[in-house]
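First up is the structure itself, then whatever we jot down about it.
Protein chains: 2
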Amino acid sequence: MVRPDRRPTTVADVARHAGVSPGTVSKALNGGGQLKTETRQRVIRAAEELGFSPNALARSLISGRTYTVGILTTDSIGRFTIPLITGAEDALGAGQMAMFLCESRGDAIREQHYLRMLLARRVDGLIITGKSSNIRPSLGHDFPIPVVYALCQSESADDFSILHDDEQGAEMAIDHLLETGRRRIAHVSGPLSHLASQHRARGASTALARAHESMVGGGTMHGEWSEAWGREAALRLVRNGDPFDGVFCASDEIARGMTDGLRDSGVAVPSTVGVVGVDNWLVMAETSRPPLTTIDLNLSELGRRAATWLLTAIDGGELTAGIERIPATLVKRRSTEMEIS
Amino acid sequence: MVRPDRRPTTVADVARHAGVSPGTVSKALNGGGQLKTETRQRVIRAAEELGFSPNALARSLISGRTYTVGILTTDSIGRFTIPLITGAEDALGAGQMAMFLCESRGDAIREQHYLRMLLARRVDGLIITGKSSNIRPSLGHDFPIPVVYALCQSESADDFSILHDDEQGAEMAIDHLLETGRRRIAHVSGPLSHLASQHRARGASTALARAHESMVGGGTMHGEWSEAWGREAALRLVRNGDPFDGVFCASDEIARGMTDGLRDSGVAVPSTVGVVGVDNWLVMAETSRPPLTTIDLNLSELGRRAATWLLTAIDGGELTAGIERIPATLVKRRSTEMEIS
DNA sequence: CTGAAAGCGCTAACAC
DNA sequence: GTGTTAGCGCTTTCAG
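One line per chain: the protein sequences are A and B, in this order.
The opening residue of the first sequence carries number 38 in the working numbering; numbering runs sequentially from there.
The opening residue of the second sequence carries number 38 in the working numbering; numbering runs sequentially from there.
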């Protein structure tokens, strides 16, 4: 692939080709100033003929704005960050903004490196994202550009974090199980150390208490975020002998394991036991037998909102310090369907 | 969050603070020119004290290089694009390059929009990626910057495409089944219309022919890339009555469905039938019962190579037109384990 | 060894 | 209406 390095056309080239001055080209192409329509047209045509594409760097140097934001992911890009990024891109693309993607993979050195790089490139703002399992250190209140923490909360209450709503989602899950007639409900979750587990357990308890019920087994069953744990939990519940007719699993993986485990033990879902998951992760939720009713954390909406807030901050708006939570929604599938009586 | 918009420090600020001229600052900080060590130190200290971060835009305007590449995904960011992006970032990060991420989502208009934007921002090069199921249109031989097509092949033989190796991977899968003593092997795949299906079928046939065997069922069984199809295929194979002892599934989803389906029919995996998948998608492969032996397409290596090639091209190297294929590797797990005889 | 000046590509203020 | 000029922040000659 031979590439003769003809450098890109500049305003000067266009000016010459149209027989005007560079200043006029700028005005014509940006709709500024008072130009004869004929001139404007001529310049525009010249620009098209030469395939002119204005150098964004030069523009930014003047305007002080790059129309670019950085997205820095604390850990790797994964199942949770993707919808977030996609949602953010949605909102940013509408504002003609570009997106630098940086993956620090949990490495503080790399994170510092990326932050320096992004600042050197004069991004207009920053979205920090990553694992939601823990609170992350703040970049500091005096960081030179607006920062939105999305999905992973900043330790500083002065920052603006935008998060999913585990607690409300969990309440929703339990309420749905109750509405479909279940009374004896268990909660199978991930590691106790994860914030998400704690919040989901709290939400579940709240909703159960409101209905004057308590958790089967006396409390949340903690384990891994895995199908294997879901299967094991199913076994334990069955073996334990305590009657139960509903299980709220804190992830779709656990829920899928749960339905498999229950089926293996001869327990019918949804007729005998209703199962709800979390994530609305399609490969799990739709493929599970039966397909899973699940809590969708609306992460792409979260990304969209994060970007939208960042844009307002960039435009001089103020970010109210604290936490905004995006409500979760319930997606109904077969695993909680009520019997047709 | 109040943000007094003090503009970033410039070389002029540093110069003043160090009592030298801007030119000297530049030399001191970039190791250029002949400077008294004392002066250099003084400038460096001044820069640190002021938290100076050189404006990359201004630099790029001069050098004509932005140390930035664009990654344009044809469809959405998904399971396949992530390792690719991560791999590319690996290679790019080492070269201090940043990455614009653009998701055109199969929309030609959006793609054009992004291309214009990336060119306006003067990226040094471009990686085009997306669904591997089809060949995509070329950006043209006269595109102003180097382009590498990764994962999705360009229709033009003049372009440089870097792809995974479906055919070699499939051969590897069949060879492994043969090595573990299977002779009557079936191949269950995705839609016939997908390039990947075609290539995998071809590789499977080649390897079988080499061993003087032919496919059980007389040919590839085409369906969806889904667990449901894997289960159904299992049923069909069992019902059909033709004896078989190995199944090469063209994806881990299909393979997982297959193991579930076989188990449901009372067929033991791996003792009676060996199963191989493709993708090494951990949530499928490791969670399957038994865990799946699978073909890893090494997509992060693909991303790394794509970026590496792009970097050489940016540095003036030539990209040999055509296709480079990254070899697949076999990951052994329980689903093909040989009996301990 | 260091400073002054020009210029990267563009826009905005001010002339004409 | 349009041209000229200065300057965004930096590097790079070229003087001194």
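Where is the CB? At the ideal position from N, CA and C, for every residue including glycine.
Under the three-state reduction of DSSP, residue 258 of chain B is assigned to strand. Here residue 73 of chain B is exposed. Its C-beta has fewer than 16 other C-beta atoms within 10 Å. With 16 or more neighbouring CB atoms inside 10 Å of its own CB, residue 330 of chain B falls in the buried class.
For residue 137 of chain A, the closest Cβ of chain B is nearer than 8 Å. Sequence-distant partners of residue 297 of chain A (beyond 5 residues in either direction) whose C-beta falls short of 6 Å from its own C-beta, in its chain, are 268. Shortest Cα-Cα distance from residue 180 of chain B to any of B:156, B:341, B:173 involves B:156. Residues of the same chain with a CB within less than 6 Å of the CB of residue 229 of chain A, apart from the 5 flanking positions on each side, are 259 in chain order. Interface flag for residue 45 of chain A against chain B is set, since a Cβ pair is found closer than 8 Å.
Membership of residue 361 of chain A in the beta strand (DSSP E) is indicated by the continuous run 359–363. A distance below 6 Å between beta-carbons, with the five flanking residues on each side excluded, links residue 193 of chain B to the following residues of its chain, in chain order: 175.
Listed in chain order, the alpha helix (DSSP H) runs fully inside the stretch 189–255 of chain B are 203–216, 232–247, counting runs of at least 4 residues.
Taking the C-beta atoms as reference points, residue 285 of chain B is found no nearer than 8 Å to residue 310 of chain B.
Under the three-state reduction of DSSP output, residue 72 of chain B falls in the coil class, being neither helix nor strand. Collapsing the DSSP output to three states places residue 127 of chain B in a helix. Taking all protein chains in view, the Cβ of residue 277 of chain A is surrounded by fewer than 16 other Cβ atoms within 10 Å, so the residue is classified as exposed. Contact between the stretch 158–171 of chain B and the stretch 111–128 of chain A is not established, with fewer than three Cβ pairs separated by less than 8 Å. Short of 6 Å from the beta carbon of residue 70 of chain A, and not among the five residues preceding or following it, lie these beta carbons of its own chain, in chain order: 64. Residue 190 of chain B counts as buried, since no fewer than 16 other beta carbons sit within 10 angstroms of its beta carbon. For residue 349 of chain B, not one C-beta of chain A is nearer than 8 Å to its own C-beta. Residue burial annotation: residue 86 of chain A is exposed, with fewer than 16 other C-beta atoms found within 10 angstroms of its C-beta. In this chain, residue 57 of chain B is not harboured by any alpha helix (DSSP H), its DSSP state being neither H nor E.
Residue 221 of chain A and residue 253 of chain A have their C-alpha atoms spaced approximately 6 Å apart. Here the alpha carbons of residue 46 of chain A and residue 81 of chain A stand approximately 14 Å from one another. The C-beta distance from residue 201 of chain B to residue 363 of chain B rounds to 6 Å, short enough to meet the 8 Å contact threshold. For residue 333 of chain B, the enclosing beta strand (DSSP E) has its first and last residue at 330–333.
A direct Cα-to-Cα measurement between residue 92 of chain B and residue 345 of chain A gives close to 26 Å. Chain A places a beta carbon closer than 8 Å to that of residue 90 of chain B, counting this residue as a contact. Between residue 95 of chain B and chain A, the shortest Cβ-Cβ separation is below 8 Å.
Its chain contains no residue whose beta carbon lies nearer than 7 Å to that of residue 305 of chain B once the 5 sequence neighbours on both sides are disregarded. Shown here, residue 43 of chain B sits in coil according to DSSP, grouped into three states, outside any helix or strand. Collapsing the DSSP output to three states places residue 306 of chain A in coil. Separation of residue 206 of chain A and residue 88 of chain B (C-alpha to C-alpha, rounded to the nearest whole angstrom) is 44 Å. In the DSSP secondary-structure assignment, residue 367 of chain A is bridged to A:332. The C-beta of residue 374 of chain A comes no closer than 8 Å to any C-beta of chain B. When CB distances to chain B are screened at a threshold of 7 Å, not a single residue of the stretch 205–225 of chain A falls below it. In this structure residue 314 of chain A is buried. Its beta-carbon is surrounded by 16 or more other beta-carbon atoms within 10 angstroms.
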